[in-house]
Amino acid sequence: MKLMDSPSYTPILERIRAALKASRPVFARFTPGAIEAEYKAGHDPVTEADRALDAVLRKELLREGEGWLSEESVDDPIRLQRSHIWVVDPLDGTREFVQGIPEFCVSIGLVEDGHPVAGGIYNPATDETFLGSVDTGVMYNGKPAQPSQRKTLDGAVVLASRSEVKRGEWKPFEHDKFTICPMGSVAYKLALVAAGLADVTFTLTPKHEWDVVAGAALVESAGGFVSTLEKTSLIANRRDPLLSGLLACGPLLKEELLAVVESHI
2 MKLMDSPSYT PILERIRAAL KASRPVFARF TPGAIEAEYK AGHDPVTEAD RALDAVLRKE
62 LLREGEGWLS EESVDDPIRL QRSHIWVVDP LDGTREFVQG IPEFCVSIGL VEDGHPVAGG
122 IYNPATDETF LGSVDTGVMY NGKPAQPSQR KTLDGAVVLA SRSEVKRGEW KPFEHDKFTI
182 CPMGSVAYKL ALVAAGLADV TFTLTPKHEW DVVAGAALVE SAGGFVSTLE KTSLIANRRD
242 PLLSGLLACG PLLKEELLAV VESHI
């Protein structure tokens, strides 16, 4: 739903659309599965593609008076004084990109006074584009989309972090009645939930704002449910951008999802 007294986000969506389009030729310069990676503190990979995409997105998106928070940019605390902030992960799912697994994306979110209000996510490997805002709803590849209307987790498709599954973090849920599907890129997983292509995704592992803001904006814009592990709405552009985790699902699965994860939070 639209924030009170907010202007139309259509011009913002056009800016996001242009930025996603500008990412295409950058991706065309690289071959997934055949690119060298460096490793940051914490063993997270980073590639030349991450940095090139960051530069292109910043050029396309940022305007005077707006803030910027990106995984690949030095954090400028001036963003804390801005009411509009771009929260960007130029290449979410770098690990999959390096391995040639088609589960990586560009993730762009706009935060207004702490609230994620618009987002765009583009997966170049599958040629999928997710775009939306709180006053326009969500489009999937140019067509209106909505989240799952499933009423029970019985038989639901739940997207899980491939890394978390490998580390054994999903073992407590293996005997639940839903199907766990391991996948890379938390932003891409959130986009699939927003478009109704999966029923649920959640992570009980800390994530940064740039991982989830765009996807959370899309899920909420589509009419789905998003919550932090503290059972509150996602508030972004905080001094420390690390979140405890995130839950997202179709609107009718909210209570059952909260009940399932309650004892594990």
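Going by the numbering used here, the first residue of the sequence shown is number 2, and it counts up by one from there.
Idealized CB from N, CA, C, for every residue including glycine.
C-alpha distance - residue i paired with residue j, whole-angstrom precision
i    : j    : result
K167 : V194 : 22 Å
I17  : I109 : 7 Å
G169 : L230 : 19 Å
F179 : V107 : 28 Å
G224 : F174 : 26 Å
T11  : A23  : 18 Å
L4   : I86  : Because the pLDDT at L4 is just 42, under 50, the model does not fix this residue reliably, and the value given afterwards should be weighed accordingly. If you take the alpha carbons of L4 and I86, they lie about 16 Å apart.
K232 : F226 : 11 Å
L58  : H265 : 37 Å
K152 : A188 : 24 Å
V143 : P78  : For clarity, residue 143 is Gly in the given sequence; the question names Val instead. Between G143 and P78, the C-alpha separation is close to 36 Å.
T206 : E165 : 8 Å
R96  : E256 : 33 Å
I102 : A126 : 9 Å
D6   : T130 : Note that D6 has pLDDT 46, beneath the 50 cutoff, so the model's placement of it is unreliable and the number below is only indicative. For D6 and T130, the distance between alpha carbons rounds to 28 Å.
W171 : I181 : 9 Å
R228 : A192 : In the sequence under discussion, the amino acid at residue 228 is Ser, which differs from the Arg named in the question. Rounded to the nearest angstrom, the two C-alpha atoms are 15 Å apart.
D45  : D136 : 35 Å
A157 : Y40  : 36 Å
Q82  : E49  : 31 Å
Exposure label - residue i; buried when at least 16 CB within 10 Å
i    : result
P145 : exposed
Y141 : buried
V274 : Nothing in the structure corresponds to residue 274, since the chain is present only between 2 and 266.
L243 : exposed
T32  : exposed
P26  : exposed
D155 : exposed
D90  : buried
A35  : exposed
D241 : exposed
R64  : exposed
R239 : exposed
Given residue i as reference, the closest of the options once Cα atoms are compared
i    : options                : result
E67  : Q147, A56, R80, S186   : R80
S245 : E256, F203, S222, V220 : F203
L132 : A19, P46, H265         : A19
Y123 : R151, P78, A237, F28   : F28
E221 : E39, E73, E37, G138    : G138
P104 : M184, V135, V159, E49  : Here residue 104 turns out to be Glu, not Pro, going by the sequence shown. Of the listed residues, the one whose Cα sits closest to E104 is M184.
S9   : L62, V112, S134, D93   : S134
L92  : S264, D155, S186       : S186
D51  : Q147, L63, R64, R30    : R30
E61  : L21, T95, G34, P33     : L21
K190 : A161, A157, L54, G101  : A161
G197 : K172, D241, G251       : G251
E72  : L63, L54, Q82          : L54
V159 : L111, E65, D200        : D200
S234 : E49, H116, Q82, Y40    : H116
Expected contact under 8 Å - CB spacing of residue i and residue j to nearest Å
i    : j    : result
L247 : K208 : 6 Å
W1   : L70  : In the structure as shown, the chain starts at 2 and stops at 266, and residue 1 therefore has no counterpart that could be examined.
V99  : A218 : That pair is no contact at about 27 Å.
Short Cβ contact (8 Å threshold) for residue i with residue j
i    : j    : result
A38  : V47  : yes
S84  : D114 : yes
V88  : A249 : no
V262 : D177 : no
Q147 : L253 : no
G120 : G216 : yes
V1   : V112 : Any question about residue 1 goes unanswered here, given that the chain covers just 2 to 266.
Closer than 8 Å to chain C by CB, residue i
i    : result
T180 : No chain C is part of this structure, which consists of one protein chain only.
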